[in-house]
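Just below is one structure, and these are the notes that go with it.
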Amino acid sequence: MNILVTGGAGFIGYHLCSSLLKKGHALTVVDSFHPYYEPALKQARVEALQQSGTFSFFRQDILDEENMHALFEREQPEAVIHLAAVPGVRGSLHEPITYVDIDVKGTVHMLELSKQYGVKRFLFASSSSVYGERSINQPLQEDSVNLSVASPYAASKLAAEVFCRTYTQLYDISITSLRFFTVYGPHQRPDMAISRFLKRLLDNQPLPLYNTSSVRDYTYVDDIVNGIEAALRRMGGYQVYNLGSGKPVGLMELVHTLESVTGIKANLIVEGAQPGDVSGTWADITAAREELGWTPQVTLEEGLHRYYQWWQSR
Ligand code: NAD
31 MNILVTGGAG
41 FIGYHLCSSL
51 LKKGHALTVV
61 DSFHPYYEPA
71 LKQARVEALQ
81 QSGTFSFFRQ
91 DILDEENMHA
101 LFEREQPEAV
111 IHLAAVPGVR
121 GSLHEPITYV
131 DIDVKGTVHM
141 LELSKQYGVK
151 RFLFASSSSV
161 YGERSINQPL
171 QEDSVNLSVA
181 SPYAASKLAA
191 EVFCRTYTQL
201 YDISITSLRF
211 FTVYGPHQRP
221 DMAISRFLKR
231 LLDNQPLPLY
241 NTSSVRDYTY
251 VDDIVNGIEA
261 ALRRMGGYQV
271 YNLGSGKPVG
281 LMELVHTLES
291 VTGIKANLIV
301 EGAQPGDVSG
311 TWADITAARE
321 ELGWTPQVTL
331 EEGLHRYYQW
341 WQSR
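For the sequence shown, the residue numbers in this note's numbering are 31 to 344.
This is how it looks when you write it as structure tokens:
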């Protein structure tokens with residue numbers, strides 16, 4: 031299939047593109063190397079991808095109207111996998127307009143181009159943050175979203191989901207929103223807790239913990255890639271799926287697992303909860319299991335082992 035991946039130089043994008051290339055898909059990859067974190071990491075991922083196969087790469091902003099039209103005209107993608115976004119909750123508290131521009135307007139621009147150029151399948155990278163603050167005594171089901179979210183990032187993802195649903199209702203385009211739950215693994219974004227913790231552990235620096243009773247559903251990146259590919263195979267109408275491990279893990283359990291994987295005892299500094307962060311996430315993955323035939327394979331311990339091995343081999 032001829033697939034356009036936006037945000038292909040990002041953490042998840044890198045893994046997705048490398049898997050799609052191995053499966054023989056024709057790929058067009060767009061990424062602006064947004065400076066949310068070091069563009070050099072994104073450049074390095076593109077160079078690594080270029081070792082694994084041939085694809086067209088464009089360092090281009092998805093909001094660049096003229097060049098994006100030219101790209102759709104030239105490449106005629108059959109499917110769009112839209113990962114490009116400014117990620118992260120904290121940044122969105124400081125620069126909400128950037129999140130509206132890229133995460134909302136950028137998504138609408140991709141939907142509009144897809145409509146105009148006859149793309150029939152569109153996958154949108156949404157987030158567990160659309161569930162907002164919940165008491166985590168049972169897993170979060172797809173239809174339990176309400177309008178109460180905790181950050182401008184979450185609001186942007188929710189708004190973009192609403193646009194996706196609207197485009198399916200109005201036009202002949204199948205769209206699936208995939209809600210990723212805290213993704214980790216090799217090439218992980220440096221701003222995320224697991225990468226920050228590992229770096230600090232190895233540098234013998236204390237780990238700042240913001241909310242020791244918080245809980246997250248951590249998902250290994252290969253499982254996310256398998257979920258994206260499964261969703262791409264089974265599209266029709268508008269669909270929403272949680273992609274998570276389905277196993278919530280407390281912050282202290284995460285720290286202890288990292289200690290056991292690295293053999294290093296952590297020195298902890300407990301700080302207050304941060305605005306924008308929710309206290310818990312836990313994915314109900316029944317729909318993805320039953321409708322996509324998808325089951326996450328990698329346990330947290332195994333995933334952290336793989337991540338640590340990759341870190342040491344860099
Ligand atoms: P990432 O920042 O590594 O990747 C996003 C990529 O998009 C970056 O390479 C960036 O340069 C690119 N980009 C940003 N603005 C752009 C623009 N205007 N034009 C073109 N490219 C642009 O993040 P990631 O962790 O790989 O996340 C990928 C997607 O998954 C994002 O949409 C993110 O919101 C979503 N998501 C990620 C997680 C996670 O745990 N990593 C969880 C939930 C949702």
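We put the CB at the ideal spot given by N, CA and C, even for glycine.
Model, not experiment: these values are computed from the prediction.
Leaving aside the five residues that flank A318 on each side, the residues in its chain whose CB is nearer than 7 Å to its CB run, in chain order, G257, Y271, N272, L273 and W324.
A contact between stretches requires three or more CB pairs, one per stretch, nearer than 8 Å, and the segment 76 to 85 fails this requirement with the segment 117 to 135.
Classified as exposed, K229 has fewer than 16 neighbouring CB atoms from the shown chains inside 10 Å of its CB. The beta-bridge partner set that DSSP reports for N297 is empty. Boundaries around G257 are those of the alpha helix (DSSP H), V251 to R263, since no beta strand (DSSP E) includes it.
For I111, the shortest separation between its Cβ and any heavy atom of the ligand NAD does not lie below 7 Å. For the set G293, T316, S309 and R226, the Cα lying nearest the Cα of G280 is the one of S309. Not a single heavy atom of the ligand NAD lies less than 7 Å from the C-beta of R246. Taking A185 as the centre and dropping the five residues before and after it, the same chain places the C-beta of V179 closer than 7 Å to its C-beta, in chain order. By the criterion of a C-beta distance shorter than 8 Å, I299 is surrounded in its chain by P236, L237, P238 and L239, once the five residues flanking it on both sides are discounted. Here V35 has G43, L46, C47, L57, V59, I111 and L113 as same chain residues with Cβ atoms under 7 Å from its own Cβ, once five neighbours each way along the sequence are excluded.
Residue burial annotation: G276 is buried, with at least 16 other C-beta atoms found within 10 angstroms of its C-beta.
In the three-state reduction of the DSSP assignment, Y240 falls in the coil class, being assigned neither a helical nor a strand state. Non-local beta-carbon contacts of H335 in its own chain, meaning distances under 8 Å to residues more than five positions away in sequence, involve V291 in chain order. Every alpha helix (DSSP H) stretch that sits fully inside the segment 106 to 181 and reaches 4 residues is listed by chain position as 119 to 124, 126 to 129 and 136 to 146. Look at Y201 here: in three-state DSSP terms it is coil, with no helix or strand label.
For A78, the enclosing alpha helix (DSSP H) starts and ends at P69 to S82. For a cut-off of 8 Å, the C-beta gap from P107 to N32 is around 5 Å, short enough to register as a contact.
In this structure, DSSP gives A185 a helical state, which the three-state scheme calls helix. Taking 8 Å as the cut-off, the Cβ atoms of Y67 and R219 count as close. With fewer than 16 other Cβ atoms from the protein chains shown falling within 10 Å of its own Cβ, K52 counts as exposed. In the DSSP assignment, L208 is bridged to A155 and Y271. C-alpha of N97 to C-alpha of Y183: approximately 26 Å in a straight line.
Within 7 Å of the C-beta of F152 there is not a single heavy atom belonging to the ligand NAD. Rounded to the nearest angstrom, the gap between the Cα atoms of T137 and A190 is 6 Å. Exclusion of H99 from the 7 Å shell around the ligand NAD follows from its C-beta lying no nearer than that to any non-hydrogen atom of the ligand.
In this structure, Y214 keeps its C-beta atom at 8 Å or more from the C-beta atom of Y161. For V291, there is no enclosing beta strand (DSSP E); the residue is found in the alpha helix (DSSP H) stretching over L281 to T292. With contacts defined as CB atoms closer than 8 Å, G83 and D61 fail to qualify as a contacting pair.
Distances from the CA of H99 to each of F211, L141 and E332 were compared; the closest alpha carbon is that of L141.
Inclusion of D307 and L170 in the CB contact set at 8 Å is not warranted, their separation being larger than that value.
Here I224 carries a helix assignment [DSSP, helix/strand/coil].
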